[in-house]
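Engineer: My questions all concern the structure below.
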Amino acid sequence: MKINKTFIIVICLVSILSIGCSKNEKIIKEDEQDTGKITMQDSLSEVKDKLIKASVYDKMDKATRNMEESLEYVKSILPQGIKETNKEYKKDKGITEVTYEVDDFKFTVWYIHPQGKGESSDEEYDLEKTSGIYFPAINWHS
224 MKINKTFIIV ICLVSILSIG CSKNEKIIKE DEQDTGKITM QDSLSEVKDK LIKASVYDKM
284 DKATRNMEES LEYVKSILPQ GIKETNKEYK KDKGITEVTY EVDDFKFTVW YIHPQGKGES
344 SDEEYDLEKT SGIYFPAINW HS
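Using my numbering, the first residue of the sequence shown is number 224, and each one after it goes up by one.
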């Protein structure tokens with residue numbers, strides 16, 4: 224049985240291209256995952272842009288995440304080595320304000336809670352859920 228050389232060349236090219244394309248897709252996906260992560264090499268304007276893009280809020284005040292998911296989401300955006308240094312619930316606004324620090328930087332994050340009682344609370348706001356996340360301040364020590 225005689226196999227055409229052109230056919231063999233086409234099969235080899237298709238194999239090579241499919242391997243190369245799948246490798247490129249993996250690299251692109253990894254880059255897309257890291258685009259929102261703040262690094263210590265980012266400029267202040269880049270940090271602000273990333274925080275604006277990371278802010279979320281449901282205008283209907285519906286819960287978008289539980290509190291655990293929101294904490295993990297914020298930690299996935301803030302720089303490596305970030306530590307929580309202060310946490311305060313502001314009853315009049317229905318937000319939990321958390322301060323995170325790394326090196327000389329301090330990030331303030333507001334976890335906005337939806338109105339309505341939580342399962343384990345008599346509060347006006349459901350503290351187990353969030354309807355928004357906002358980054359009102361970035362400070363640094365010089």
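Glycine included, every Cβ here is placed at the ideal spot set by N, Cα and C.
1) Considering GLU347, what are the terminal residues of the beta strand (DSSP E) in which it resides?
2) In this structure, how does DSSP classify THR262 when only helix, strand and coil are distinguished?
3) Under three-state DSSP, which class holds ILE335?
4) Quick one, are the C-beta atoms of PRO337 and ASP349 less than 8 Å apart?
5) Just to confirm before moving on: does the CB-CB distance between SER268 and TYR357 stay below 8 Å?
6) Would you mind sorting GLY195 into buried or exposed? The rule is 16 or more other CB atoms within 10 Å of its CB.
7) Which complete alpha helix (DSSP H) runs does the segment 273 to 315 hold, if anything under 4 residues is left out?
8) Could you check how far apart the C-beta atoms of ILE261 and LYS273 are, in whole angstroms? I think they sit under 8 Å.
9) For LYS285, tell me which candidate among THR229, LYS228 and ILE335 has the shortest Cα-Cα distance.
10) Look at the alpha carbon of GLU320 and the alpha carbon of THR287, and state the distance between them as a whole number of angstroms.
11) Can you list, in chain order, the residues of its chain with a C-beta nearer than 6 Å to that of ILE232? Leave out the 5 residues immediately preceding and following it.
12) Taking 8 Å as the cut-off, decide whether the C-beta atoms of TRP363 and LYS329 are in contact.
13) Assuming ASN289 contacts LYS352 under a Cβ cut-off of 8 Å, what Cβ separation, rounded to an integer in Å, is found between them?
14) Using the DSSP secondary-structure output, state which residues sit across from LYS211 in a beta bridge.
Structural biologist: Checking against the coordinates, here is how it stands:
1) In the sequence shown, residue 347 corresponds to position 124, counting from 1. Premise fails: GLU347 is in no beta strand (DSSP E) and is neither H nor E.
2) Counted from its first residue, the sequence shown places residue 262 at position 39. DSSP places THR262 in coil when its eight states are reduced to three.
3) Taking the sequence shown and counting its residues from 1, the one referred to as residue 335 is at position 112. If DSSP states are grouped into helix, strand and coil, ILE335 belongs with the strands.
4) Here residue 337 refers to the residue found at position 114 when the sequence shown is read from its first residue. Here residue 349 refers to the residue found at position 126 when the sequence shown is read from its first residue. Against a cut-off of 8 Å, the Cβ pair of ASP349 and PRO337 comes out as a contact.
5) What you label residue 268 is simply residue 45 of the sequence shown in a count that begins at 1. What you label residue 357 is simply residue 134 of the sequence shown in a count that begins at 1. The answer is no: Cβ separation not under 8 Å.
6) The question about residue 195 has no answer, for the chain in this structure spans 224 to 365.
7) 290 to 300
8) Within the sequence shown, residue 261 is the residue found at index 38, counting from 1. Within the sequence shown, residue 273 is the residue found at index 50, counting from 1. Right, their Cβ atoms sit about 5 Å apart.
9) Counting from one through the sequence shown, the residue named residue 285 turns up at place 62. Nearest option by C-alpha distance: ILE335.
10) Locating residue 320 in the sequence shown gives position 97, counting from the first residue. Locating residue 287 in the sequence shown gives position 64, counting from the first residue. Going from the Cα of GLU320 to the Cα of THR287 covers about 18 Å.
11) Stepping through the sequence shown from its first residue, residue 232 is reached at position 9. Hits under 6 Å: none found.
12) As a working mapping, residue 363 is identified with position 140 in the sequence shown. As a working mapping, residue 329 is identified with position 106 in the sequence shown. Cβ atoms of TRP363 and LYS329: closer than 8 Å.
13) Reading the sequence shown from its first residue, position 66 is the one you call residue 289. Reading the sequence shown from its first residue, position 129 is the one you call residue 352. So it is a contact: roughly 5 Å between Cβ atoms.
14) With the chain covering only 224 through 365, there is no way to say anything about residue 211.
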